[in-house]
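Notes for the one structure printed next.
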Amino acid sequence: MQVIISEQALEWFKNELEVTSGDHIQFFARYGGCGNFQSGFSLGVTVKAPEEEAASVEKDGIIFYVEKKDEWYFDGKDLKVTYDEEKQEVSYNYAD
-14 MQVIISEQAL EWFKNELEVT SGDHIQFFAR YGGCGNFQSG FSLGVTVKAP
36 EEEAASVEKD GIIFYVEKKD EWYFDGKDLK VTYDEEKQEV SYNYAD
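Spelled out as structure tokens, the structure:
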């Protein structure tokens, strides 16, 4: 599994979550909501240091990651985070 972050998504995280070099952003499975990956679950995002990374990527000194305990949510596929210009928010999908 890989985590892929577009440059526009990176800028969104910097502005919206006020993260800087040295920070960590975790993507995790949460019960409920509407998500693109597993029925009955949605993707959560928090600023938190990792405990046990399954996949990660560093962009401008910021680490984006998924913990091993949440790896099941992505069903072995890569997570691609992009910026949706129309909605003016980030979008989470499987990588092609």
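Residue numbers for the sequence shown follow our numbering, beginning at -14 and rising by one. Ideal placement from N, C-alpha and C gives every residue a C-beta, glycine not left out.
Worksheet item: Taking the C-alpha atoms as reference points, what is the distance between Gln(-7) and Lys(-1)?
Response: Looking up residue -7 in the sequence shown gives position 8. Looking up residue -1 in the sequence shown gives position 14. Cα to Cα, Gln(-7) sits roughly 10 Å from Lys(-1).
Discussion item. Checking 8 Å against the spacing of the C-beta atoms, do Val(-12) and Ala40 come in under that value?
Written reply: Position 3 of the sequence shown holds residue -12. Position 55 of the sequence shown holds residue 40. Contact flag set, yes.
Worksheet item: Mind checking whether Ser(-9) and Asp45 have CB atoms under 8 Å apart?
Response: As a first step, residue -9 is located in the sequence shown; it is residue number 6 there, counting from the start. As a first step, residue 45 is located in the sequence shown; it is residue number 60 there, counting from the start. Contact flag unset, no.
Worksheet item: Mapping DSSP to helix, strand and coil, what is Asp69?
Response: Numbered from 1 along the sequence shown, position 84 holds the residue referred to as residue 69. Asp69 falls in the strand class under three-state DSSP.
Worksheet item: Alpha carbon to alpha carbon, how far is Gln73 from Gly29?
Response: Position 88 of the sequence shown holds residue 73. Position 44 of the sequence shown holds residue 29. Cα to Cα, Gln73 sits roughly 18 Å from Gly29.
Fill in: Reduced DSSP category for Gln(-13) - H, G, I as helix; E, B as strand; rest coil
One-based indexing of the sequence shown puts residue -13 at position 2. Coil.
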